[in-house]
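Numbering (the numbering used here), first residue to last: 381 to 512.
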């Protein structure tokens, strides 16, 4: 299992940051997605720009504090935990992804892939919060 953690200070109030991250239907701030599909109140699918789907199942929601979900596609399965802490006009986020590759050759690349994805997510999140 590969684990990747990314902490960041996002310039914006916690409610705004929370709303951007958890608003699944408003995915346009994400530079890596082409669309999302809501299956039910606890499940959704994200599609990469190449059309590759990943299914997410929300396992815990504590508004403006913690959001967790399981994720799975044909290459991996895992769990994501995001915590949110108010710090004046900023929000401290702490995102941890734990992923198991389903294919042997992917195990070599999964950790670096997670780090790259987390960096892009934070970059996109900062832009989205500042523009909203």
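Glycine included, each C-beta is placed from N, C-alpha and C at the ideal position.
Counting other Cβ atoms within 10 Å of its Cβ, residue 414 stays below 16 and is therefore classed as exposed. In summary, residue 458 is buried, with 16 or more beta-carbon neighbours lying within 10 Å of its beta-carbon over all protein chains present. Boundaries of the beta strand (DSSP E) around residue 385: 382-391.
When only Cα atoms are considered, residue 411 and residue 500 end up about 8 angstroms apart. Per DSSP, the continuous alpha helix (DSSP H) segment holding residue 501 begins and ends at 490-511.
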